[in-house]
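Since the structure comes first, as structure tokens, the remarks are kept for the end.
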Amino acid sequence: MKRHLLSALTLSLLAGVSSLAVAAEGATSAVAGKAAVSAAKNLGSGIDTQFIDPAVRSQDDFFVHLNGKWLSTTEIPADKSSWGTFAKLRDDIQPQLRAIIEEAAAKANGADAKRIGDFYASFMDEARLEQLGIAPVKADLDRIAAIKDKKELPLLLAAAVRNGVHSPFAFGIHQDNKDSTKYVADIFQDGLGMPDRDYYLKADDAKLADTLAKYGKHVEEMLALAGDAKAAANAKAIVAFETELAKIQWTKVELRDPVKAYNKVALNKLPELMANFDWNSYLQATGIAGKVDYVIVSQPTYLKALDGLFAATPLETLKSYFQWQTVRAAAPYLSKSFVDANFAFYGTALSGVTENRPRWKRGVEVTEGALGESIGKIYVEQHFPAANKARMEELVKNLLLAYKQSINKLDWMTPATKKEAQAKLAKFTTKIGYPNKWRDYAALNVQRDDLLGNVKRSNEFDYNKELNKLGKPIDRDEWGMTPQTVNAYYNPEMNEIVFPAAILQPPFFDANADDAMNYGAIGGVIGHEISHGFDDQGAQYDGDGNLRDWWSAADHKNFKKKTSELVKQYSAFTPLPGYNVNGELTLGENIADNSGVAIAYKAYKLSLKGKKAPVIDGLTGDQRFFMGFAQVWRSKMREQAQIVQIKTDPHSPGKYRANGTMRNQPGFYDAFGVKPGDKMYLAPKDRVIIW
């Protein structure tokens, strides 16, 4: 049920990333400090050579060459939709978080610990949940059933966003894209029960059509469990309604355009988009009224079409739809029958997972979702030494310096734009490990015997936190991820790069490994996030976080030429028969991968200070660098989950993040002797080199 009202423009490394331990006694960094070569004799390569498949040439398939033995021998765990470096690291952290939470539950030393313990205990008390059955959500369902007129729809939508329930549209709070000194409410399309509109509309795709049929059966089953005597008919009507929603929604590619999505609308002009919708009731119920005089409408054509769809849809169908979305959101926190039915579709049918995660892992996840920074504060104290943060700060400084030098040498950017690029780079903010100030959860009421109530109150708590930003100064200390999150991100509105503590451990940074691997792995991560400030989306924002075109016509033309070629390259990759990578959807992340590695490689070369890197495990420094980047994408995914990724995820599958990036790096060709005729080979004229 937890939904975060964060800016949709935050660009992460992954839906989850891997980790790096950055306490490198004796392991030196790049431009500043000693050369890594001097200590290399005491360090390993950091490369998992045990997984190399000698039967596959690095020049033909670098990803399979490096990870082949792992790919052929590793089974995806029954409770996972995918497995690999990232998933394993996330899984490895779970026992650490469990220990923190269970200790809080056992000792309850202080209000924060008691909240953590009580929240977790409410999830783990399965006997009580069986006793309660549908009761925790019945009042919400009855309230929807009692609606007599479509004029009450605005109150339904407002209640949904407060409770973390999906509905046809919602809103989030973030900085105004064209005035980053102000917070604004952004109204955007929502409301589908499946991952993407294609699942409803691609009738010629047998796999998606099969999933749609299973979805209809799932909706029927859940409504029946909730006591709906007309579950079959109502489920059919709900799927038909969601299909109509899908038809009028923007595609994932269209949603990537920040200029097209910036539509400033005065509150009194909202009826021009939806004339039959009572905006005054909605704005009052959501709490927006009185705090701002305008909102940003991300998809105005969608709202206009939605007005007609609401008018054409019977009230009973709309009520059933909101009841379904309410049950769907509550299902993980109800009795076993709801949990199992929910998993059968969203876990098995949609993602291919055959076994639900152990309850304690799910309990850790939901407790984290509600009290993330309370848990994160303890996590940092126990698992993130101060030396790690200092080491990471030095690495980021070195990558920023490499970017600064690279901008001046670009052959496709005009001098005036280079000056603007340097100004933006100079304004980057770096956040590492954990926030400077921790969130206060004192106002969150947690009860040991009320799981769904705890989840709903947590949603309301988060909702109010976001809503109360309106009209106030920008909080530049705020984090969009908790310290225990295995990921990293760039936020264009803040012009900041953020690296939570949990990503700062092997295999991204290994204190016992030579610098080459570390520059390929964590250096590639740092470079990736910085690059988001200059990808096809991030480059539309200036150094202050404002959506402003600071490029010349010539820059746009040159950049478009390069990125169009990148779209073609990645669109040719086929993870599954009949399913190609969407080169347009993944363009920003592909730019960041290619640019991040290119800059990390330059920083690594600077770190050598003209000296020759040692050979370790029979591998040269350059080979270890590129292997360091490629091995972090070691992964495999179930077919159903792979389809979801292709349809919804702006990141390319791991294999193509490795191989696709390597093919554009001149240093890779030299390091591995890639020649014409090799499958990894691209002619120099076809390589996309941006940085």
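Quick note, the sequence shown lines up with residues -23 to -1, 1 to 668 if you use mature numbering (1 follows the signal peptide of the UniProt record, and there is no 0). Beta carbons: idealized from backbone N, C-alpha and C, even for Gly.
Complete alpha helix (DSSP H) runs within the region 138 to 182 (minimum length 4 residues, chain order): 175 to 178
So what's glutamate 249 in DSSP terms, helix, strand or just coil? helix
Please state whether DSSP places phenylalanine 438 in a helix, a strand or coil. helix
Limits of the alpha helix (DSSP H) - the one that threonine 625 falls within: 616 to 625
Methionine 639 and leucine 481: beta carbons closer than 7 Å? no
Leucine 348 and proline 113 - do their beta-carbons sit closer together than 7 Å? no
Among Tyr279, Ile503, Lys538, Gly346, which residue has its Cα nearest to the Cα of threonine 228? Tyr279
Helix or strand or just coil, what does DSSP make of glutamate 52? coil
Return the chain-ordered list of same chain residues with a C-beta closer than 6 Å to the C-beta of arginine 664, the five sequence neighbours on each side being excluded. Asn641
Along the chain, which unbroken stretches of the beta strand (DSSP E) at least 3 residues long are found entirely within the region 430 to 475? 466 to 468
Looking only at C-alpha atoms, which of Lys46, Ala147, Gly193, Gly650 sits nearest to tyrosine 259? Ala147
Output needed for isoleucine 667: all residues of its chain with C-beta closer than 6 Å, excluding positions within five of it in sequence on either side, in chain order. Lys539, Ser572
Three-state secondary structure assigned by DSSP to alanine 210: helix
Restricting to runs no shorter than 4 residues, where is the alpha helix (DSSP H) found entirely within the region 54 to 112? 62 to 84, 88 to 101, 103 to 109
Suppose the cutoff is 7 Å on Cβ atoms and the five residues either side in sequence are ignored; what does the same chain contact list for proline 235 look like? Leu(-15), Asn154, Gln514, Gln517, Leu524
With a CB to CB cut of under 6 Å and the five nearest residues on each side skipped, what residues in its chain are close to valine 138? Ala147
Determine, using beta carbons only, whether isoleucine 593 and aspartate 491 come nearer to each other than 7 Å. yes
Can you list the alpha helix (DSSP H) stretches of 4 or more residues lying completely in the region 331 to 378, in chain order? 336 to 360
From the DSSP output, read off the bridge partner residues of valine 272. Val242
Compare the C-alpha of leucine 244 against each of Ala162, Phe606, Asn211 and name the closest. Ala162
Extent of the continuous beta strand (DSSP E) to which isoleucine 409 belongs: 406 to 410
Rounding to the nearest angstrom, what Cα-Cα distance links residue 669 and glutamate 437 in this structure? The question about residue 669 has no answer here: the residues shown for the chain are numbered -23 through 668.
Give the DSSP-derived three-state secondary structure of serine 629 in the structure shown. coil
Three-way DSSP call (helix, strand, coil) for serine -12 in this model: strand
Output yes or no for whether 7 Å exceeds the beta carbon distance between glycine 522 and isoleucine 576. no
Taking just the CA atoms, how far does lysine 246 sit from tyrosine 271? 9 Å
Entirely within the region 466 to 548 and at least 3 residues each: give me those beta strand (DSSP E) ranges in chain order. 466 to 468, 473 to 477
Residue 686 in three-state terms, based on DSSP: Past the edges of the chain, shown from -23 to 668, lies residue 686, and the structure says nothing about it.
Once DSSP output is grouped into helix, strand and coil, what is the label at glycine 21? strand
Give the C-beta separation of serine 351 and tyrosine 418 to the nearest angstrom, bearing in mind that I take them to be a contact with Cβ-Cβ under 8 Å. 6 Å
Given a threshold of 16 other Cβ atoms within 10 Å of its Cβ, counted over all protein chains shown, does glycine 457 qualify as buried or as exposed? buried
Which class does leucine 189 belong to by DSSP, given the choice of helix, strand or coil? helix
For alanine 262, the nearest candidate out of Ile620, Val475, Ala400, Asn441 (CA to CA): Asn441
Looking only at DSSP bridge pairs, what is isoleucine 593 linked to? Leu596
For serine 35, name the three-state secondary structure that DSSP assigns. coil
On the DSSP bridge assignment, give the partners of leucine 553 in chain order. Tyr556
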